[in-house]
């Protein structure tokens with residue numbers, strides 16, 4: 005599609021995409037494209053696993069998107085880290101089965117297959133942001149494991165892979181700092197960050213700074229720096245899409 009044509013970009017994901025309890029990377033992208041022919045639609049839903057995103061995919065298909073960046077799986081990975089998280093996610097999101105990495109693979113593959121079969125959109129899969137900021141920790145490794153599945157699906161289904169996890173790990177490696185807090189299960193850190201933001205009116209970046217964190221407010225949701233890394237990758241994908249007429253191009257970006 006020529007760059008002068010109207011383009012509709014639908015961003016599919018969870019709370020990281022929704023941008024209410026996380027810095028809003030879609031707003032960043034929209035600001036960059038003010039006055040352009042690109043229109044952004046936010047298809048993020050708080051707490052969604054890949055299964056939940058698949059259940060509401062009709063609404064995305066109906067929008068007839070030209071491009072669909074997909075950032076989903078953080079809640080799948082987080083659920084797998086403890087029995088407490090499994091029970092919480094199963095109850096909150098009405099899951100029909102225990103969330104596992106293979107179930108994630110099945111649901112994300114189905115999302116890609118439907119998008120490629122039922123739309124003419126160029127599809128991009130982002131690997132997951134880090135879970136926690138302590139490199140080498142079980143939570144960061146779990147986000148790496150799920151990101152590896154995302155990369156496998158992108159390769160198998162010939163869609164673009166956006167290497168977010170790799171960029172965030174590289175950033176934390178370069179900073180070489182010890183995070184102020186370690187990953188913990190449950191919702192306490194997220195609930196506390198939400199209270200600080202919505203009640204005390206603190207910015208996401210202020211919350212991060214107070215907690216000694218680089219990319220997140222609560223080891224899951226993004227501050228401005230983390231969200232900018234996401235926006236930058238999607239921006240590169242959209243620029244790449246301007247140069248090709250093929251849907252679902254397999255061109256890794258960011259690693």
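Residue numbers (our numbering): 5 to 259.
Note that the Cβ used here is the ideal one computed from N, Cα and C, for glycine as well.
None of these values were measured; they are calculated from a predicted model.
The beta carbons of residue 137 and residue 85 sit about 15 Å from each other, so the pair does not count as a contact at 8 Å.
Separation of residue 238 and residue 37 (C-alpha to C-alpha, rounded to the nearest whole angstrom) is 12 Å.
Closest in alpha carbon position to residue 52, among 94, 72, 71, is 94. Bridge pairing for residue 15: 46 [DSSP]. Our two residues, residue 83 and residue 242, have alpha carbons roughly 31 Å apart in a direct line. Boundaries of the alpha helix (DSSP H) around residue 142: 142-160.
Cβ-Cβ distances below 8 Å link residue 24 to 50 in the same chain, with the five nearest sequence neighbours on each side left out; the list follows chain order.
Residue range 168-179 is occupied by the alpha helix (DSSP H) that includes residue 168. Straight-line measurement puts the Cα of residue 58 at about 15 Å from the Cα of residue 106. In this structure, the CA atom of residue 230 is about 18 Å from the CA atom of residue 16. The alpha-carbon separation between residue 89 and residue 39 amounts to approximately 43 Å. Here the C-alpha atom of residue 217 lies approximately 8 Å from the C-alpha atom of residue 185. Around the beta carbon of residue 48, 16 or more other beta carbons lie within 10 angstroms, which makes this residue buried. Taking C-alpha positions only, residue 127 is separated from residue 76 by approximately 13 Å. C-alpha of residue 62 to C-alpha of residue 68: approximately 10 Å in a straight line. Taking C-beta atoms as the reference points, residue 118 and residue 157 fail to come closer than 8 Å.
Rounded to the nearest whole angstrom, the C-alpha separation of residue 14 and residue 172 is 23 Å.
In the DSSP assignment, residue 116 falls within the alpha helix (DSSP H) that extends over 105-122. By the criterion of a C-beta distance shorter than 8 Å, residue 43 is surrounded in its chain by 10, 11, 12, 13, once the five residues flanking it on both sides are discounted. Residue 131 is a Cβ neighbour of residue 167, given a cutoff of 8 Å. Put simply, the backbone Cα of residue 163 is about 21 Å away from that of residue 33. DSSP places residue 21 within a helical segment (H, G or I) once states are collapsed to three. Closest in alpha carbon position to residue 104, among 121, 80, 123, 96, is 80. Residue 28 and residue 45 have their C-alpha atoms roughly 12 Å apart.
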